[in-house]
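Chemist:
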Amino acid sequence: MITNLAKFGLLFAILGCTSSYAFAEERILPVLGEPIQPIPIDTSLDPAKVALGEALFNDPRLSKNNSLSCASCHILEAGGDDNMTVGTTLNGVPHVINTPTVFNARYNFRQHWSGAAESLPEQVDLVLRNHMEAGSNWNELLTKLSQDPVLVSSFDNIYSEGLNKENYLDALNTFERSLITPNSRFDQYLLGNTAAITEDEKKGYQRFKEYGCISCHQGINIGGNLFQKFGLFYDYFAERGNITTADYGRINVTNKETDLHVFKVPSLRNVEVTAPYLHDGQAETLEEAVDIMGKTQLGKTFSEGNIELLVMFLKTLTGEYKGQSLAVKNNAIAEADQSSNSNETQNADDDESSLASSGGDGS
Ligand code: HEC
Ligand code: HEC
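Counting the sequence shown from 1 gives a position; the numbering used here is that position plus 1.
1. Using alpha carbons as the reference points, say which of L142, D201, G295 lies closest to Y235.
2. Within its chain, find whatever has a CB closer than 6 angstroms to the CB of C74; leave out the 5 residues flanking it on each side and keep chain order.
3. For T102, which of T297, Y278, A239 has the nearest alpha-carbon?
4. Is M313 closer than 8 angstroms to E202 when the C-beta atoms are compared?
5. Are there 16 or more other CB atoms within 10 angstroms of the CB of H132, so buried, or fewer, so exposed?
6. Going along the chain, which residues of its own chain have a beta-carbon closer than 7 angstroms to the beta-carbon of H218, five neighbours each way excluded?
7. To which residues does DSSP link Q112 through a beta bridge?
8. What three-state label does DSSP hand T89 in the structure shown?
9. Assign D60 to one of three DSSP states: helix, strand, or coil.
10. Terminal residues of the continuous alpha helix (DSSP H) containing L229?
11. Below 8 angstroms on the Cβ atoms is my contact criterion, and I expect T199 with E273 to pass it. Report the Cβ-Cβ distance as a whole number of Å.
12. Should the stretch 49 to 64 be called in touch with the stretch 130 to 150, which here means at least 3 C-beta pairs below 8 angstroms?
13. Please report how far the alpha carbon of V151 lies from the alpha carbon of L53, in whole angstroms.
14. Would you call the stretch 284 to 304 and the stretch 89 to 96 touching, i.e. three or more CB-CB distances under 8 angstroms?
15. With a Cβ-Cβ cutoff of 8 angstroms, do L143 and F156 count as a contact?
16. Give me, in chain order, the residues of the same chain whose beta-carbon lies closer than 7 angstroms to that of D47; leave out the 5 immediate sequence neighbours on both sides.
17. Assuming H262 and K230 are in contact, meaning their beta carbons sit under 8 angstroms apart, how far apart are those beta carbons, in whole angstroms?
18. Using the C-alpha atoms, what's the distance from N194 back to R178?
19. So what's A135 in DSSP terms, helix, strand or just coil?
20. Which residue spans inside the stretch 206 to 282 form an unbroken alpha helix (DSSP H) run of at least 4?
21. In three-state DSSP terms, what is I15?
22. DSSP three-state call for E35: helix, strand or coil?
23. Which term fits R186, buried or exposed, when burial requires 16 or more other beta carbons within 10 angstroms of its beta carbon?
24. DSSP three-state call for Y160: helix, strand or coil?
25. Take K145 as the anchor and find which of T44, R241, L57 has the nearest alpha-carbon.
26. Should I244 go down as buried or exposed, given a rule of 16 or more other Cβ atoms within 10 Å for buried?
27. For K330, which of helix, strand or coil comes out of DSSP?
28. Is there at least one non-hydrogen atom of ligand 1 closer than 7 angstroms to the beta-carbon of M85?
29. By how many angstroms is the C-alpha of T44 removed from the C-alpha of N184?
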């Protein structure tokens, strides 16, 4: 009896501690009993490096012909991706794979759909050399940038060795680490505000756990910490057809037969604003993506009602960047697009393409 009471007291103490610690900044804290952790606010990043990294992120000199910056394909005002099935490359032809968001990428255990990059700096190295993205090399980029006295002095002010590859990567990496979206309604719920999500959204979360979505999409990024085969119960690729090299997935990196169609489980944070979905961008809506997940990953066909509940839960995962909800920003862009479209009445084709790309040249 005494032991039980003592246990109860201990549990109480732990619970009490957790909720007070959970609000403390900077640390990732497991919320008792929940397989998803809230995003902490990181106050440890050097603001000067973040600002320099932001300038590099927006700098089209990254690419060989000075036409594309990181921000051309990762539009922060539009969810950190490009809202296209597959984006546009350096030479204007379509990319081979859907552009994932840069938001919260720091919490992924690997980068790229296939996990080709082990870290964020390694990912930048790939971008620079990829003929579809920057199509350049370090020598070329650093030579170009060293002719800009303002940029050179920004580096000199922060780094004793000034502008070089290592410091370029450090600044850009620091900026990428600042691209986090805390304070989603679901995180508020995890942190103890049970009224932050509605009863239906709670039901959606229950379904998410009961059906087993949680076995792949979990942790701080609700994904981003596992590789899994796409099409466990159902051959998605046979039905879709036109199989490309990108569809092979992780086998492209490891050459292991067992990695055929294996992908990094993507993060579900902010999925409300990162349509279209899947590595091929073929699911236009969340409803479609969830329906496909049920069939391919769980061997289940969901009723419309259950898809709706799951989607309602997913929409609670939209967080804030610089204190503003990503959803609001994305809507603002859509509205701005519409009003600019209504001003341009002469060329219907242009209107259509700018609607389709939804601000795709926002750099
Ligand atoms: C031409 C468009 C384009 C440009 C320019 C571009 N990216 Fe990407 N980015 C992509 C695509 C497409 C992928 C997915 C590649 C893959 O998985 O094979 C990606 C993947 C990523 C990822 C991995 C995200 C994840 O969840 O796996 C990060 C991080 C990233 N890019 C950051 C950057 C940075 C930083 C720059 C600038 C140095 C940049 N990107 C430039 C299109 C682009
Ligand atoms: C066995 C592991 C696994 C399970 C279970 C699973 N998923 Fe996924 N999920 C993945 C993988 C892998 C992808 C990426 C597939 C691709 O595009 O190649 C993915 C992609 C997604 C996407 C698209 C994300 C994006 O940004 O493109 C959504 C949404 C999603 N899953 C939701 C769910 C939901 C909801 C459930 C439960 C009904 C679920 N998943 C169950 C592994 C899983």
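Every residue gets a Cβ at the ideal spot worked out from N, C-alpha and C, and that includes glycine.
Modeler: This is what the structure gives:
1. Here residue 235 is taken as the residue at index 234 of the sequence shown, counted from 1. Of L142, D201, G295, the residue nearest in Cα terms is G295.
2. Counting from 1 along the sequence shown, the entry for residue 74 is found at position 73. Cβ within range, chain order: D83, G88, T100.
3. Position 101 of the sequence shown, counting from 1, holds the residue named residue 102. Ranking T297, Y278, A239 by Cα distance to T102 puts Y278 first.
4. Locating residue 202 in the sequence shown gives position 201, counting from the first residue. Locating residue 313 in the sequence shown gives position 312, counting from the first residue. A contact, by the Cβ cut-off of 8 angstroms.
5. Working through the sequence shown from its first residue, we reach residue 132 at position 131. With fewer than 16 other Cβ atoms within 10 Å, it is exposed.
6. Translated into the one-based positions of the sequence shown, residue 218 becomes position 217. Closer than 7 angstroms at the Cβ level, and outside the excluded window around H218, lie G224, V266, L269.
7. Stepping through the sequence shown from its first residue, residue 112 is reached at position 111. Looking at the DSSP assignment, Q112 forms a beta bridge with A118.
8. Within the sequence shown, the letter at position 88 stands for residue 89. Correct three-state label for T89: strand.
9. Taking the first residue of the sequence shown as position 1, residue 60 is located at position 59. DSSP places D60 in coil when its eight states are reduced to three.
10. Taking the first residue of the sequence shown as position 1, residue 229 is located at position 228. Reading off the sequence shown, one finds Gln at residue 229, where the question assumed Leu. For Q229, there is no enclosing alpha helix (DSSP H); the residue is part of the beta strand (DSSP E) that begins and ends at 228 to 230.
11. Position 198 of the sequence shown, counting from 1, holds the residue named residue 199. Position 272 of the sequence shown, counting from 1, holds the residue named residue 273. About 15 angstroms separates the two Cβ atoms, so there is no contact after all.
12. yes
13. Position 150 of the sequence shown, counting from 1, holds the residue named residue 151. Position 52 of the sequence shown, counting from 1, holds the residue named residue 53. Whole-angstrom Cα-Cα distance: 11 angstroms.
14. no
15. Within the sequence shown, residue 143 is the residue found at index 142, counting from 1. Within the sequence shown, residue 156 is the residue found at index 155, counting from 1. With respect to the 8 angstroms criterion, L143 and F156 are not classified as neighbours on the basis of their beta carbons.
16. As a working note, residue 47 is residue 46 in the sequence shown. Contacts found: T175.
17. Within the sequence shown, the letter at position 261 stands for residue 262. Within the sequence shown, the letter at position 229 stands for residue 230. About 5 angstroms separates the two Cβ atoms, so the contact holds.
18. Position 177 of the sequence shown, counted from the start, is the residue given in the question as residue 178. Position 193 of the sequence shown, counted from the start, is the residue given in the question as residue 194. Looking at the two C-alpha atoms, the distance is approximately 27 angstroms.
19. Stepping through the sequence shown from its first residue, residue 135 is reached at position 134. Of the three classes helix, strand and coil, the one that applies to A135 here is coil, per DSSP.
20. 237 to 241, 252 to 255
21. The residue labelled residue 15 in the question sits at position 14 within the sequence shown. With a pLDDT of 38 at I15, under the threshold of 50, the predicted position of this residue should be treated as unreliable, though the coordinate-derived value follows. Of the three classes helix, strand and coil, the one that applies to I15 here is helix, per DSSP.
22. Reading the sequence shown from its first residue, position 34 is the one you call residue 35. It is coil, neither helix nor strand.
23. Start at 1 with the first residue of the sequence shown, and residue 186 comes out as number 185. By the neighbour-count rule (16 or more Cβ atoms within 10 Å), R186 is buried.
24. In the sequence shown, the residue the question calls residue 160 occupies position 159. The answer is coil: DSSP assigns Y160 none of H, G, I, E or B.
25. In the sequence shown, the residue the question calls residue 145 occupies position 144. Taking only the C-alpha atoms, the option nearest K145 is L57.
26. Counting from 1 along the sequence shown, the entry for residue 244 is found at position 243. I244 should be labelled exposed.
27. The residue you call residue 330 lines up with position 329 of the sequence shown. Helix, per DSSP.
28. Residue numbering aside, residue 85 sits at position 84 when the sequence shown is read from its first letter. Because no heavy atom of ligand 1 lies under 7 angstroms away, the Cβ of M85 does not count as near it: no.
29. Indexing the sequence shown from 1 puts residue 184 at position 183. Indexing the sequence shown from 1 puts residue 44 at position 43. So the alpha carbons of these two residues sit roughly 15 angstroms apart.
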